[in-house]
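Asks: One structure, as structure tokens, below. Some questions next.
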Amino acid sequence: MIGTGIFTTSGFIMEELGNPHTMLLCWFVGGIFALCGALCYGELGAIFPKAGGEYVYLRESLGKWMGFLSGWISLIVGFSAPIAAASIAFATYFFRSFSLHLGPIITIPLSGINIFTISTPTIAAISAIIIFSLVHYHSLLVGSRVQNLLTLFKTGIIVVFVIAGLFLGNGSISNFSEGINMSSVFQDKFAISLIFVTFAYSGWNAAAYLGGEIKKP
0 MIGTGIFTTS
10 GFIMEELGNP
20 HTMLLCWFVG
30 GIFALCGALC
40 YGELGAIFPK
50 AGGEYVYLRE
60 SLGKWMGFLS
70 GWISLIVGFS
80 APIAAASIAF
90 ATYFFRSFSL
100 HLGPIITIPL
110 SGINIFTIST
120 PTIAAISAII
130 IFSLVHYHSL
140 LVGSRVQNLL
150 TLFKTGIIVV
160 FVIAGLFLGN
170 GSISNFSEGI
180 NMSSVFQDKF
190 AISLIFVTFA
200 YSGWNAAAYL
210 GGEIKKP
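Counting along the sequence shown from 1, when you hit position 61 you're at 60 in numbering that gives the first Met the number 0, and nothing is skipped either side.
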């Protein structure tokens, strides 16, 4: 599962922690959380080889109401919110990269206060969601090809960043002398950074939604 969270969250994490080694430790801890969750989902998927993921697991173990609540929470928080966040991040970075207008274009004032504002990046983000929804609605084959191309594109960007850092950066062994700021590990900043890391790692449970299609779980 290759998402765009790593492109948007790394800056926030560095701003919170202020130490590259502590940031890497945060990514490591988040990776352990994701690995434990993936292993648990793997076992649950083998026990309940049905499509639905956590909806099935909660319904079978805790009853229909828990499955019902899980389904709605997944729809609103688990899927809709990350899609909106990724689309807004894409539109914001795109407009800033080309120095385009970011200000509001639609405002609804009330007693001198703007209670509703739509900016240019917001319209672009909504348009991106609609376009990709139509692509996936049109055909499973076309949607899968678009997803594969986007995955290759995102992987290519990461590879370019790594290569650029190796050849264009001013590397020095002294960068490792600072060490991890252990005091920040036990502060609220580290916990807040874990939220960003968890968002970037989200998607490890996606394979469980196809449990009914897997022949040998």
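Ideal placement from N, C-alpha and C gives every residue a C-beta, glycine not left out.
Computed from a predicted structure; not experimentally measured.
Examine the Cβ distances between the stretch 114 to 123 and the stretch 83 to 100 and report whether three or more of them are shorter than 8 Å.
Replies: Yes: at least three Cβ pairs fall under 8 Å.
Asks: If we call anything under 9 Å between Cβ atoms a contact, is F32 one with L193?
Replies: It is a contact, given that the beta carbons lie within the stated cut-off.
Asks: If you count every other CB in all the chains shown that lies within 10 Å of the CB of F152, and 16 or more means buried, which is it?
Replies: Label assigned to F152: exposed.
Asks: With F11 as the anchor, note down where its alpha helix (DSSP H) starts and where it stops.
Replies: Its alpha helix (DSSP H) spans residues 4 to 16.
Asks: Pull up the distance between the alpha-carbon of G210 and that of F97, whole angstroms please.
Replies: Cα-Cα distance, rounded: 43 Å.
Asks: For V184, which of I5, F11, V159, H20 has the nearest alpha-carbon?
Replies: Nearest of I5, F11, V159, H20 to V184, Cα basis: H20.
Asks: Where does A50 sit, in a helix, a strand or coil, going by DSSP?
Replies: Coil.
Asks: With distances taken from CA atoms, which of G10, V161, L43 is nearest A206?
Replies: Among G10, V161, L43, the Cα nearest to that of A206 belongs to L43.
Asks: Using the beta-carbon count (16 or more within 10 Å), is S69 buried or exposed?
Replies: Result: buried.
Asks: Could you check how far apart the C-beta atoms of A85 and T3 are, in whole angstroms? I think they sit under 8 Å.
Replies: Indeed, because the Cβ distance is near 5 Å, the residues count as touching under 8 Å.
Asks: How about the stretch 186 to 202 and the stretch 3 to 18: do they share at least three Cβ pairs that are nearer than 8 Å?
Replies: Yes, the stretch 186 to 202 is in contact with the stretch 3 to 18.
Asks: What residue range is occupied by the uninterrupted alpha helix (DSSP H) comprising I213?
Replies: Careful: I213 lies outside any alpha helix (DSSP H) and carries neither H nor E.
Asks: Using 10 angstroms around the beta-carbon of L165, count the other beta-carbons present and answer buried if the total reaches 16, otherwise exposed.
Replies: Counting Cβ neighbours within 10 Å, L165 comes out exposed, since fewer than 16 surround it.
Asks: Under three-state DSSP, which class holds G62?
Replies: Of the three classes helix, strand and coil, the one that applies to G62 here is coil, per DSSP.
Asks: Note the first and the last residue of the continuous alpha helix (DSSP H) segment covering V198.
Replies: For the sequence presented, residue 198 should be read as Phe rather than Val. Taken as a continuous stretch (DSSP letters only), the alpha helix (DSSP H) holding F198 covers 187 to 200.
Asks: Quick check: what's the CA-CA separation for I104 versus G41?
Replies: Distance between the alpha carbons of I104 and G41: 47 Å.
Asks: Keeping to the same chain, check which residues put their C-beta closer than 8 Å to that of Y225; ignore five residues upstream and five downstream.
Replies: In the structure as shown, the chain starts at 0 and stops at 216, and residue 225 therefore has no counterpart that could be examined.
Asks: Drop a sphere of 10 angstroms on the beta-carbon of Y54, count the other beta-carbons inside from all chains shown, and report buried for 16 or more, exposed for fewer.
Replies: Per the 10 Å Cβ criterion, buried.
Asks: At what residues does the alpha helix (DSSP H) containing G168 begin and finish?
Replies: Unbroken run through G168: none, as it is neither H nor E.
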